[in-house]
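Novice: Protein chains in written order, with the working numbering: chain A, 5 to 185; chain B, 5 to 185. This is the structure I want to talk about, given as structure tokens.
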DNA sequence: CAAATCATGTAATGTGTTACATGATTCG
DNA sequence: CGAATCATGTAACACATTACATGATTTG
């Protein structure tokens, strides 16, 4: 259900097509999940059915018509209500931890190599988030407070991955003290 | 598909029924996701079809028969192969960040209250993880290295939530410098 | 000349959650 | 006496991912 409100959020800045929204999702990084067609186009139909957005169709030659969606007052109200609703804990699924849980069957070398590959992945991802924060493509920066909020959102991801990187490095370091089983 | 390997992992310790596995998932905390019937019972059928587990049925009076699953050599090999497979980045979906992204429409009081509620949730969760680590119910502790790995898995969750708690506290603190829009 | 951009969508499949269903026994 | 435990499973729904489909235009 979050995707509907993320869409309403983007539309609260300015009207957009499904295609525009797709790119906003992609560029955001933060809202990576659900940058895909299926969910966006379906969500837009639903939002329209509930009168949270209106829709203007622009015919084009040689191309599919552009469907420009605009948020309604009802849509703005729904967005605000949702923003004020009870916050939930992040949902985290780390399959690497499941691998680790049964990694005692590995040799020290195998285990360290597995951990090293994870460290590398995390590190790469961290670099990407840091770059993304510099470029700062999506954020609107209309007010100082809004700019601050978007900066903190980027920091959330960065510090999460920094934390993960520290953790895996500590794991690798301390593993040297344990012989294989 | 992770659930299949998590089940194989538990079965690599000892044979178990679907019901046993369900409780192992619940108690683990770490593998919270997919402690539900549907996935466990379905996965067990699949594992059996692929000969990764064998199945012994114990008839009981007045109760459904117990189906005791035992991992096969093929199952152990599949588990090891998976444990050595390319580690993936954690999947994280934090809806609170989406709320924050469009929270500039709120008053300072509303925004701080929203953040305070998130802080409280995170804090509660952190306390639960810390308790769980002390109780240490699921881990087998058969070798020092295995014990260490399970301890690091618990630490991963704890440090992630500590990081989140620090982040939200910093956010609340620094927000005091920004007037509402 | 191949790939990306624009612009819509559908279909199939995978994964996860909640609720429903049964029914005796034991515990607080 | 109500709730939890034991033990299996099904059904409905929600949410996500990947691939397919079309087809002109622009860019490298």
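The C-beta atom is built at its ideal place from N, Cα and C for all residues, glycine as well. Fair warning: this is a prediction, and the values are worked out from it, not measured in the lab.
Excluding the five sequence neighbours on either side, which residues of its own chain have a C-beta within less than 6 Å of the C-beta of residue 17 of chain B, listed in chain order?
Specialist: Taking the second chain and counting its residues from 1, the one referred to as residue 17 of chain B is at position 13. Cβ neighbours of residue 17 of chain B beyond the five flanking positions: 144.
Novice: When you compare only the Cα positions, how much space is there between residue 33 of chain B and residue 136 of chain B?
Specialist: Locating residue 33 of chain B in the second chain gives position 29, where the first residue counts as 1. Locating residue 136 of chain B in the second chain gives position 132, where the first residue counts as 1. Going by the C-alpha atoms only, they are around 8 Å apart.
Novice: Counting only the same chain and skipping the five closest in sequence on each side, list residues whose C-beta sits under 7 Å from that of residue 62 of chain A.
Specialist: Locating residue 62 of chain A in the first chain gives position 58, counting from the first residue. Cβ neighbours of residue 62 of chain A beyond the five flanking positions: 69, 70 and 72.
Novice: Excluding the 5 residues preceding and the 5 following residue 185 of chain A in the sequence, name in chain order all residues of the same chain whose CB lies nearer than 7 Å to its CB.
Specialist: By 1-based counting over the first chain, the position of residue 185 of chain A is 181. These residues qualify, in order along the chain: 108.
Novice: Relative to the C-alpha of residue 126 of chain A, which candidate in A/36, A/149 and A/163 has its C-alpha closest?
Specialist: The residue labelled residue 126 of chain A in the question sits at position 122 within the first chain. That would be A/163, whose Cα lies nearest to the Cα of residue 126 of chain A.
Novice: Looking at residue 95 of chain A: is its Cβ nearer than 7 Å to the Cβ of residue 97 of chain B?
Specialist: To locate residue 95 of chain A, count along the first chain from 1; it is residue 91. To locate residue 97 of chain B, count along the second chain from 1; it is residue 93. Cβ distance < 7 Å, so residue 95 of chain A and residue 97 of chain B count as in contact.
Novice: In terms of residues, what are the limits of the beta strand (DSSP E) holding residue 175 of chain B?
Specialist: As a working mapping, residue 175 of chain B is identified with position 171 in the second chain. First-last for residue 175 of chain B: 148-179, but that is the alpha helix (DSSP H), not the beta strand (DSSP E).
Novice: With 8 Å as the C-beta to C-beta threshold (strictly closer), list the residues of the region 90-121 of chain A near chain B in chain order.
Specialist: Hits within the stretch, in order: 90, 91, 92, 93, 94, 95, 96, 97, 98, 99, 100, 101, 102, 103, 104, 105, 106, 107, 108, 109, 110, 114, 118 and 121.
Novice: Using a Cβ cut-off of 7 Å (strictly closer), state whether residue 57 of chain B contacts chain A.
Specialist: Residue numbering aside, residue 57 of chain B sits at position 53 when the second chain is read from its first letter. Not an interface residue.
Novice: State the start and end residues of the unbroken beta strand (DSSP E) segment that holds residue 182 of chain B.
Specialist: Translated into positions along the second chain, residue 182 of chain B becomes position 178. Residue 182 of chain B -> no beta strand (DSSP E), and no H or E assigned at all.
Novice: How would you call residue 91 of chain A, buried or exposed, if buried means at least 16 neighbouring beta carbons within 10 angstroms?
Specialist: In the first chain, residue 91 of chain A corresponds to position 87, counting from 1. Label assigned to residue 91 of chain A: buried.
Novice: Straight-line CA distance for residue 132 of chain A to residue 31 of chain A?
Specialist: Here residue 132 of chain A refers to the residue found at position 128 of the first chain. Here residue 31 of chain A refers to the residue found at position 27 of the first chain. Their Cα atoms are separated by approximately 12 Å.
Novice: Tell me the DSSP secondary structure of residue 101 of chain A in three-state form.
Specialist: Residue numbering aside, residue 101 of chain A sits at position 97 when the first chain is read from its first letter. Correct three-state label for residue 101 of chain A: helix.
Novice: Drop a sphere of 10 angstroms on the beta-carbon of residue 102 of chain B, count the other beta-carbons inside from all chains shown, and report buried for 16 or more, exposed for fewer.
Specialist: Counted from its first residue, the second chain places residue 102 of chain B at position 98. That one is buried.
Novice: Can a CB atom of chain A be found closer than 7 Å to the CB of residue 153 of chain B?
Specialist: Mapped onto the second chain, residue 153 of chain B falls at position 149. Answer yes: the Cβ-Cβ gap between residue 153 of chain B and chain A drops below 7 Å somewhere.
Novice: Which residue from B/27, B/81 and B/134 puts its Cα closest to that of residue 55 of chain B?
Specialist: Sequence index remark: in the second chain, residue 55 of chain B carries index 51 (1-based). Nearest option by C-alpha distance: B/81.
Novice: Are any of the Cβ atoms in chain A nearer than 7 Å to that of residue 149 of chain B?
Specialist: In the second chain, counting from the first residue as 1, residue 149 of chain B sits at position 145. Closer than 7 Å to some Cβ of chain A, the Cβ of residue 149 of chain B qualifies, so yes.
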